[in-house]
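Novice: Sharing a structure, written as structure tokens. Questions coming.
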Amino acid sequence: MAGFRDRSAEPLDLPVVPYPSVMIAFEFGEGLLVEDADGRQQRGSTVLGLAPGGLRVRGRSVECLQIRLSPVVAHAVLGGATAAEHPHTGGEMVPLEDIWGPEARRVEERLRAASSWRERFALADAELLRRYTAGRPATAEVTYVWQQMAARRGRIRIDALAAEIGWSRQRLWSRFRSQIGLTPKRAAQLLRFDHAAHRLAAGHSAGAVAAESGYADQSHLHRDALAFAGMTPAAVAAAPWLAVDDTAWAVAAGPGASA
1 MAGFRDRSAE PLDLPVVPYP SVMIAFEFGE GLLVEDADGR QQRGSTVLGL
51 APGGLRVRGR SVECLQIRLS PVVAHAVLGG ATAAEHPHTG GEMVPLEDIW
101 GPEARRVEER LRAASSWRER FALADAELLR RYTAGRPATA EVTYVWQQMA
151 ARRGRIRIDA LAAEIGWSRQ RLWSRFRSQI GLTPKRAAQL LRFDHAAHRL
201 AAGHSAGAVA AESGYADQSH LHRDALAFAG MTPAAVAAAP WLAVDDTAWA
251 VAAGPGASA
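At position 144 of the sequence shown (counting the first as 1) the number is 144 in UniProt numbering, and the numbers step up by one without a gap.
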């Protein structure tokens, strides 16, 4: 988790580079606004599913707590909210209240009233643990497949994983989609793109990144950057939202961070 506070004179307007996690954003300022590629907008505490394409974060006097969850953990924390139950969790934005009900507002109020970021982190950590313990975990097979895909940065044959766990390809496709929110193929593409995005941000050329990340060529990487982030590889490399991995997320002492 990471805490963000922006008090600059200019309104905040940042592109969101997708990350292979489900994100919960608790908003405490004057109005964090998330806008998708189709112009749909969401204010307040929000859940962003895997692979949201072309999202932007806008607002003035923004103050928020951002939590990234592995999708296998999010399945339990969000009460088993799957793509079938909440279609938007497969890649779009959903008000947290739609998933947690009135309790979402009560959690937000407790976090808002906390006297420090450290207290907010502790409160959020306790709430997540409570919900994870009481929730429905993803199945062991789906969890294993996700972990293997993440370890290989998406460069693994889905059919081989299905055979390894003793499932048919069709069964894996269905169970994975219902519990993770994406098909195995799309999830693998997201994991591959995430690795490429961080290599681009580290200053490597698009051609080199495409070759080492398993893309057919530079044009293939360009298409994925447009599909996942709504921007070119060059824009992905310079996107401020990606910088949280090297700044806010890295300065934490303990379970959270603040920036």
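Backbone N, C-alpha and C define an ideal beta-carbon position, used for all residues, glycine too.
Quick caveat, the model's predicted, so the values are computed rather than measured.
A83 to P11, Cα distance in whole Å?
Specialist: To locate residue 83, count along the sequence shown from 1; it is residue 83. To locate residue 11, count along the sequence shown from 1; it is residue 11. At A83, the pLDDT of 42 sits below 50, so the modelled position is not reliable and the matter cannot be decided from this model.
Novice: Are the Cβ atoms of L111 and V62 separated by less than 8 angstroms?
Specialist: Within the sequence shown, residue 111 is the residue found at index 111, counting from 1. Within the sequence shown, residue 62 is the residue found at index 62, counting from 1. Result no, Cβ atoms of L111 and V62 do not sit closer than 8 angstroms.
Novice: Does DSSP classify P137 as helix, strand or coil?
Specialist: Residue numbering aside, residue 137 sits at position 137 when the sequence shown is read from its first letter. If DSSP states are grouped into helix, strand and coil, P137 belongs with coil.
Novice: Please go through the stretch 57-123 and give each complete beta strand (DSSP E) segment of 3 or more residues, from N-terminal end onward.
Specialist: Counting whole runs of 3 or more residues, the stretch 57-123 contains the beta strand (DSSP E) stretches 63-69 and 93-95.
Novice: By the three-class DSSP mapping on this structure, what secondary structure does E10 have?
Specialist: For the purposes of this step, residue 10 is taken as residue 10 along the sequence shown, with counting starting at 1. Three-state DSSP puts E10 in coil, outside helix and strand.
Novice: So the candidates are S115, A162 and V94; which of them puts its Cα closest to the Cα of F28?
Specialist: Residue numbering aside, residue 28 sits at position 28 when the sequence shown is read from its first letter. F28 has its Cα closest to that of S115, out of S115, A162 and V94.
Novice: Thinking C-beta only, is V145 closer than 8 angstroms to residue 261?
Specialist: Residue 261 lies beyond the residue range present for the chain, which begins at 1 and ends at 259; the question has no answer from this structure.
Novice: Are the CB atoms of V17 and R56 within a distance shorter than 8 angstroms?
Specialist: Position 56 of the sequence shown, counted from the start, is the residue given in the question as residue 56. Position 17 of the sequence shown, counted from the start, is the residue given in the question as residue 17. Contact: no.
Novice: Give the DSSP bridge partners of residue 327, in chain order.
Specialist: Outside the displayed range of the chain (1 to 259) lies residue 327, so it cannot be described from this structure.
Novice: What separation, rounded to the nearest whole angstrom, lies between the Cα atoms of L221 and I165?
Specialist: Counted from its first residue, the sequence shown places residue 221 at position 221. Counted from its first residue, the sequence shown places residue 165 at position 165. Distance between the alpha carbons of L221 and I165: 31 angstroms.
Novice: Do the stretch 197-214 and the stretch 173-180 make contact, defined as three or more Cβ pairs closer than 8 angstroms?
Specialist: No contact exists between the stretch 197-214 and the stretch 173-180.
Novice: Sort Q41, R40 and R60 by Cα distance to R7 and report the nearest one.
Specialist: Reading the sequence shown from its first residue, position 7 is the one you call residue 7. It is R60 whose Cα lies nearest to the Cα of R7.
Novice: In angstroms, rounded to a whole number, what distance separates the CA positions of G203 and A237?
Specialist: Counting from 1 along the sequence shown, the entry for residue 203 is found at position 203. Counting from 1 along the sequence shown, the entry for residue 237 is found at position 237. Their backbone Cα atoms lie some 7 angstroms apart in a straight line.
Novice: By the DSSP assignment, the alpha helix (DSSP H) with residue 260 in it spans what residues?
Specialist: The displayed coordinates of the chain run from 1 to 259. Any statement about residue 260 would go beyond what the structure contains.
Novice: Quick check on this structure: which residue in D224, Q170, A201 and S205 has the alpha carbon closest to the alpha carbon of R192?
Specialist: Residue 192 sits at position 192 when you count from the first residue of the sequence shown. R192 has its Cα closest to that of D224, out of D224, Q170, A201 and S205.
Novice: Give me the Cβ distance between W167 and P184, rounded to the nearest whole Å; I'm assuming they're in contact under 8 angstroms.
Specialist: Your numbering for residue 167 matches position 167 in the sequence shown. Your numbering for residue 184 matches position 184 in the sequence shown. Not really, about 11 angstroms apart at Cβ, beyond 8 angstroms.
Novice: P15 by DSSP, collapsed to three states: which one?
Specialist: What you label residue 15 is simply residue 15 of the sequence shown in a count that begins at 1. Three-state DSSP puts P15 in a strand.
Novice: Going by DSSP in three states, F26 sits in which element: helix, strand or coil?
Specialist: Along the sequence shown, read from residue 1 onward, the residue named residue 26 stands at position 26. If DSSP states are grouped into helix, strand and coil, F26 belongs with the strands.
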